[in-house]
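S.K.:
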Amino acid sequence: MTTFKLQVDPDSAWQARTLTVSPDGHTQTMRVELRFLSYTGKWYLSFFRLPEGECLLAHVPLVACGQYINDLLDLFGYKNLGSILCLPLVSAMRGVDPAEDTLIQYDILWGDYIV
Numbered sequence: 873m874t875t876f877k878l879q880v881d882p883d884s885a886w887q888a889r890t891l892t893v894s895p896d897g898h899t900q901t902m903r904v905e906l907r908f909l910s911y912t913g914k915w916y917l918s919f920f921r922l923p924e925g926e927c928l929l930a931h932v933p934l935v936a937c938g939q940y941i942n943d944l945l946d947l948f949g950y951k952n953l954g955s956i957l958c959l960p961l962v963s964a965m966r967g968v969d970p971a972e973d974t975l976i977q978y979d980i981l982w983g984d985y986i987v
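Structure (structure tokens):
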């Protein structure tokens with residue numbers, strides 16, 4: 873199992889990272905975009921297959937794991953996107969979703985099926 877920590881820029885409302893994951897042995901290179909939408913006050917993830925740029929999944933809300941592990945891509949297993957977890961670095965932040973200025977206080981892990 874391969875897991876990547878997405879590097880985030882706390883000063884950017886739009887970020888993109890390119891990574892390769894192999895859920896179920898199907899290797900895919902994808903671009904994941906992390907975007908803050910001010911009108912909702914939330915961060916969202918979108919996934920694109922490379923090199924085509926085909927959108928595989930758009931605007932998945934970045935919801936923090938609370939007391940239990942929460943794979944944000946669990947419902948989309950048939951798309952072979954792997955797993956995404958948003959883990960607060962401080963226990964006091966458990967269950968609190970990242971705000972525009974608090975994203976740096978979370979680890980976002982993406983990879984083959986984590987849970």
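For reference, each letter of the sequence shown is one residue, going 873 to 987 in my numbering. Glycine included, C-beta positions come from ideal geometry on N, C-alpha and C.
1) Distance check for threonine 899 and glutamine 939, CA to CA, integer angstroms please.
2) Compute every distance between the C-beta of glutamate 972 and the non-hydrogen atoms of the ligand FAD, then say whether any falls below 8 Å.
3) Let me know if tyrosine 978 comes out buried or exposed under the rule of 16 or more other beta-carbons within 10 Å of its beta-carbon.
4) Does the structure place the stretch 913-926 close enough to the stretch 890-905 that three or more beta carbon pairs sit under 8 Å?
5) By the three-class DSSP mapping on this structure, what secondary structure does proline 933 have?
M.R.: Taking the geometry as given:
1) 31 Å
2) You won't find the ligand FAD in this model; it holds no ligand whatsoever.
3) buried
4) yes
5) strand
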